[in-house]
Structures are given as C-alpha cells and as structure tokens.
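Visitor:
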Amino acid sequence: MELIGYVTYVAIRQDAQDPDFANMLRAVGSVQQQQTIPDPARNVALNSKSSNDLRTLSRRSMFDSRQASETETTNAGGNRTMADTSTILQILSLRDEKGWSPERIEKEFKLAPGFLKRLGTKVAKP
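For reference, each letter of the sequence shown is one residue, going 4 to 129 in our numbering.
1) Okay, do the stretch 82 to 96 and the stretch 105 to 123 touch, 3+ Cβ pairs below 8 Å being the bar?
2) Return the first residue and the last residue of the alpha helix (DSSP H) that residue 31 is part of.
3) Mind checking residue 109: buried by the 16 CB within 10 Å criterion, or exposed?
4) State buried or exposed for residue 15, treating a residue as buried only when at least 16 other CB atoms are found within 10 Å of its CB.
5) Spell out the partners DSSP gives residue 114 in its beta bridges.
6) Determine the direct distance from the alpha carbon of residue 61 to that of residue 111, and round the result to whole angstroms.
7) Would you report the Cα separation of residue 32 and residue 20, rounded to the nearest angstrom?
8) What is the rounded straight-line gap between the Cα of residue 63 and the Cα of residue 89?
9) Please classify residue 94: is it buried, with 16 or more other beta-carbons within 10 angstroms of its beta-carbon, or exposed?
10) Comparing C-alpha positions only, which one of 114, 99 and 57 sits nearest to residue 106?
Here is the structure:
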C-alpha cells in the first residue's frame, strides 16, 4: 500500500518539475467554479434528449387514450378517425385495385367521413 502512495508521490513531483506540463497548466488557467443553482437556459443540450423522450411518451399516452375512447365510441355506433397499418393496406387495395369509392370504403370500415381524403391519393404500399 505504501508503494502505491510513493509511486503516486513520485509521479506528481515529476509532473511538477516538467516545464512543458507547467506551461500547459498555465495556458489552461484556473478552474471555474460551477454555479450552485442550475440555470435551465444553460442545460438545454442536456435536457433536450430527455425532453424529447418525455414528449414521445406523453404523445404515445395521448394516442392510447384517444384510441381507447374511439374504440368505445365505435362500439356505440360511431365512426373511426384512426386506423392501423393492416386496415390502411386493405383500404388502399380496395380503392386502388378494386376501384371502390371512398364513401363505400368509409361505410364498410365504419370510418369518419373524409378519412380517405385525409389519407391522400399518393399513398404507396411499403
């Protein structure tokens, strides 16, 4: 244990006697003390990832609750405003390959009026 302390002591003394190392330390300057109260404006880069993560999680939660309420509304006879990927692929097949009208597709899938218009005409299959 004493050998480790001695080796460390010798290494520190050698660094202190090295003129190049001393010049580098002078060029770097003294240590600036950090503020004790964090300034949110200075921590933007640190908080941006967690902020994006929180935003993503809150949006997912919002969509989950929105879909749950839509499921209840659809079961009560209402029209859907959201659709999953497989439903969208079926809709595109009926519209583009079989030539069904948007009104017929919306009625068949219990979609809200204008759903296909919002989907657009330039949707390609993956």
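Ideal Cβ positions, reconstructed from N, Cα and C, are used throughout, including at glycine. From a predicted model like this one, the values you see are computed outputs, not experimental measurements.
Guide: By the coordinates alone:
1) The answer is yes - the stretch 105 to 123 touches the stretch 82 to 96, with three or more Cβ pairs under 8 Å.
2) From DSSP, the alpha helix (DSSP H) with residue 31 extends over 22 to 31.
3) Flag for residue 109 reads buried.
4) Residue burial annotation: residue 15 is exposed, with fewer than 16 other C-beta atoms found within 10 angstroms of its C-beta.
5) 83
6) Approximately 32 Å, taken between the alpha carbons.
7) 18 Å
8) 19 Å
9) Residue environment: residue 94 is assigned as buried (16 or more neighbouring CB atoms within 10 Å of its CB, all protein chains considered).
10) Shortest Cα-Cα distance from residue 106 to any of 114, 99 and 57 involves 114.
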